[in-house]
Amino acid sequence: MELTGKLAEAFNTQVTLELTAATVYRQLAVEMDIMSLPGIAGWFRAQAAEEIVHAEKFMDHMTDRSAHPRIGEQSAPVVNVKSVADAFAASLAHEQKVSEAIRELYRLAQTEGDIDSLPLLHWFIDEQVEEEATVSEILDRVNLIGNDGNGLLRLDSELGARK
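Note that my numbering has the sequence shown beginning at 330, numbered continuously upward.
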């Protein structure tokens with residue numbers, strides 16, 4: 330079944346949102362590098378790479394269904410980070426935005442009767458539940474640590490071990 334109309338446009342919007350998320354994560358990595366937290370910076374870089382994979386999943390689905398993926402305009406992310414907590418709060422806010430966009434895509438696919446998109450969108454719904462839970466847990470831990478240097482260094486080491 331060819332992917333056309335509103336749903337194809339919405340998928341293109343999602344591609345752009347996923348690539349924007351990658352840019353946000355790259356900027357958060359820069360902010361953590363500036364704070365001399367290379368492990369947390371690495372975690373954010375890994376998240377950025379994952380967001381690019383997400384965009385590619387949408388683009389692959391579109392091309393498999395004879396649609397033409399188009400990357401929309403992206404503005405530079407506005408990231409005001411003064412602490413590790415700020416960085417993970419920004420991450421969580423962005424994940425929540427992406428989650429709602431995925432849910433909207435799912436609703437649109439249902440309305441359009443496009444059952445071929447539903448397996449992909451189910452995968453993304455599960456992925457977003459996991460992403461939000463992971464970032465929420467890290468943010469909770471950061472809030473428990475506060476400004477304790479030893480705790481932040483331990484978290485930096487732990488998050489830096491991510492493959």
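Built from N, CA and C at the ideal position, the CB exists for glycine as well. Just so it is clear, the structure is predicted and the values come from calculations on it, not from any experiment.
* Counting Cβ pairs closer than 8 angstroms, one from the stretch 340-359 and one from the stretch 369-385, do we hit at least three? -> yes
* **Assumed close pair R491, A375 - CB separation to whole angstroms, cut-off 8 angstroms** => Here residue 491 refers to the residue found at position 162 of the sequence shown. Here residue 375 refers to the residue found at position 46 of the sequence shown. Confirmed, about 5 angstroms.
* Which residue comes first and which comes last in the alpha helix (DSSP H) that contains K492? -> Within the sequence shown, residue 492 is the residue found at index 163, counting from 1. No alpha helix (DSSP H) contains K492, which DSSP labels as neither H nor E.
* **Distance cut-off 7 angstroms: V458 Cβ against heavy atoms of the ligand MN** => With respect to the ligand MN, the structure offers nothing, as it holds no ligand at all.
* Give the single residue among M391, G334, N409 whose Cα lies nearest to the Cα of A358. => Taking the first residue of the sequence shown as 1, we reach residue 358 at position 29. Of the residues M391, G334, N409, the one whose Cα lies closest to the Cα of A358 is N409.
* Between the CA atoms of R355 and E433 - distance to the nearest angstrom -> Here residue 433 is taken as the residue at index 104 of the sequence shown, counted from 1. Here residue 355 is taken as the residue at index 26 of the sequence shown, counted from 1. Cα to Cα, the separation comes out at about 26 angstroms.
* According to the Cβ coordinates, are A438 and S428 closer than 8 angstroms? -> Residue mapping note: residue 438 aligns to position 109 of the sequence shown, counting from 1. Residue mapping note: residue 428 aligns to position 99 of the sequence shown, counting from 1. Taking 8 angstroms as the Cβ cut-off, A438 and S428 do not qualify as a contacting pair.
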